[in-house]
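Protein chains in written order, with our numbering: chain Y, 7 to 70; chain A, 12 to 510.
Glycine included, every Cβ here is placed at the ideal spot set by N, Cα and C.
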């Protein structure tokens, strides 16, 4: 029995998500924001790779 | 024929030199995987769930930090009736019991103070004391293990818990940021390191489907996972977090890193305290490597810990001191045996290092721009001033020669090719020697001069070399079967959450 006596041995201790439960707009927005941030990391990675490529080209053309 | 053999031997040495770049190449591969996180993430399986969560905090002499930490936890965006904090006081000798009792009175039913009369056995024992009591009760659906000094941002637990809607998930970890403000050079190095080791590396591990370690200060487990783990944390090693992480995945459950759940922690502010902490972690990694020796590079259907990529990531970090020493030894052997080839190998090694350094540093600073703004100087100087000079020189030898015309370096180095000289021997020996100098910085720190000299030495040799020296020390300790002592990192409550 829990300290607040709200639960007993017959309770369900598993974590379950009710598939029928409505997902709030705020929750969906938060998930979209997270995915958008991850997508932004692709752009950042490409930008840094481009900088590396420019340095390699400059080095090859002018410093060999 | 004899000449061919000598020639073949030289090429083996060249390969051993190039192997010196493997840790950087592996890190680059891990950073490239970060870019795949937008596709291979776990957000599709998330749902707004709020399992009844027990928060387990082991505490030994944490009076300075535990009060504000509990207040922060009670202020989480989480139903208060679904939160209980179990503070396991490991026989503290300071005001921790009084602070805990005051918080239990302030939050009746939400804060439970447990006290061990005999402490000092280590974090895992303290956790198990609380875990046994928590599991004895059906109330708990999820367990958050944290540290007394860790400050959770209001949405962090909610964002971690949403992954538990997927029954395949056994545990979720958060992004721990270094939060000491104003902090010092060391906390800034650690702040940057955590971008690379957590925000980047753990995203990469999410993509790979194999996680190396749940952060000790923020790991959320399902009850089912804890029961499957035997209801207790491994006490046979110094890396209980890593063992828990591996066991969770070996039992077929997923471990997820949630980069948008942010928690702040106070990390070591001196070489001495960093050394204690990292020696413990590194020794733990030696123990993990040994314990799971049959797992590496053996792909399995049940988990991804045996994948080739994960094995490369693990061993490139684990063996980095060996790689650095081997690299130096091969370069010096070539220097005396086949000097032109030594120069070729050296040049290739540092060109690779230069490219990976620019990519990793630039991308890391962009992954977490806020921390990046706070730590960019340490990011740039992460490899150390000498390594940075070698990187610049390797890429732009003519420019370097022009800048330093008349100085000693131009007398010995590149004039179309390298010339023999003591400076070349020094540069070739540097990958290995840098670890010895890093150790010197640690030894010198407590002395009168050390206060000024040691930070300077860390900037000269690089934070990476300091960590490598620590890893090397862990090999020695484990080979000597040194006693496993729990050297607690002192916390003073300097964490300030940036607004």
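Problem set entry | 7 Å CB neighbourhood of residue 254 of chain A in its chain, flanking five on each side removed | 245, 248, 299
Exercise. So residue 473 of chain A is in the alpha helix (DSSP H); what residue range does that whole segment cover?
Worked result: Note, residue 473 of chain A: premise wrong, no alpha helix (DSSP H); not H, not E.
Exercise. Near residue 161 of chain A, which residues of its chain fall below 8 Å by C-beta distance, leaving aside the five closest residues on each side in sequence?
Worked result: 80, 187, 228, 229, 274, 275, 276
Exercise. In whole angstroms, what separates the C-alpha of residue 420 of chain A from that of residue 434 of chain A?
Worked result: Caution is warranted here: a pLDDT of 47 is assigned to residue 420 of chain A, below 50, making its placement in the model unreliable, and the coordinate value is therefore given only provisionally. In a straight line, the C-alpha of residue 420 of chain A is about 7 Å away from that of residue 434 of chain A.
Exercise. Does residue 205 of chain A have its Cβ less than 9 Å from a Cβ in chain Y?
Worked result: no
Exercise. Mind pulling the chain Y residues with CB within less than 7 Å of residue 59 of chain A?
Worked result: 29, 30, 33
For this session: Might you give, ordered along the chain, the residues of its own chain that have their beta carbon closer than 7 Å to the beta carbon of residue 216 of chain A, omitting 5 neighbours on each side?
Result: 222, 223, 268
For this session: Run the CB neighbour count on residue 5 of chain A, radius 10 Å, all protein chains shown included, and call it buried at 16 or more, exposed below.
Result: Outside the displayed range of chain A (12 to 510) lies residue 5 of chain A, so it cannot be described from this structure.
Exercise. How far does the alpha helix (DSSP H) with residue 252 of chain A in it reach, from first residue to last?
Worked result: 251-261
Problem set entry | residue 181 of chain A: first and last residue of the uninterrupted beta strand (DSSP E) it sits in | 180-189
Problem set entry | Under the three-state DSSP convention, the category residue 100 of chain A falls into | strand
Exercise. Going along chain A, which residues have a C-beta under 7 Å from residue 40 of chain Y?
Worked result: 54, 271
Problem set entry | Endpoints, beta strand (DSSP E) assigned at residue 286 of chain A | Not the beta strand (DSSP E): residue 286 of chain A falls in the alpha helix (DSSP H), residues 282-302.
Problem set entry | Residue from A:99, A:112, A:205, A:204 whose Cα sits closest to the Cα of residue 157 of chain A | A:99
Problem set entry | Sub-9 Å separation of residue 266 of chain A and residue 225 of chain A beta-carbons | yes
Problem set entry | Residue environment, residue 67 of chain Y, which counts as buried when at least 16 other CB atoms sit within 10 Å | exposed
Exercise. What are the residues of the segment 37-48 of chain A that lie near chain Y, defined by any Cβ-Cβ distance shorter than 8 Å?
Worked result: 42, 43, 45, 46, 48
Problem set entry | residue 126 of chain A - containing beta strand (DSSP E), residue span | 122-126
Exercise. Can you list, in chain order, the residues of the segment 360-377 of chain A whose Cβ is nearer than 7 Å to any Cβ on chain Y?
Worked result: 366, 369, 370, 373, 374, 377
For this session: Evaluate contact between the segment 60-74 of chain A and the segment 83-101 of chain A, counting only Cβ atoms and requiring at least three cross-stretch pairs below 8 Å.
Result: yes
Exercise. Is the CB of residue 188 of chain A under 9 Å away from at least one CB in chain Y?
Worked result: no
Problem set entry | Cβ contact check for the segment 470-490 of chain A and the segment 280-294 of chain A: 3 or more pairs under 8 Å | yes
Problem set entry | Paired residues, beta bridge with residue 276 of chain A - DSSP | A:189
Exercise. Hey, residue 285 of chain A and residue 477 of chain A: beta-carbon distance below 9 Å or not?
Worked result: yes
Exercise. Does the distance from the CB of residue 114 of chain A to the CB of residue 78 of chain A come in under 9 Å?
Worked result: yes
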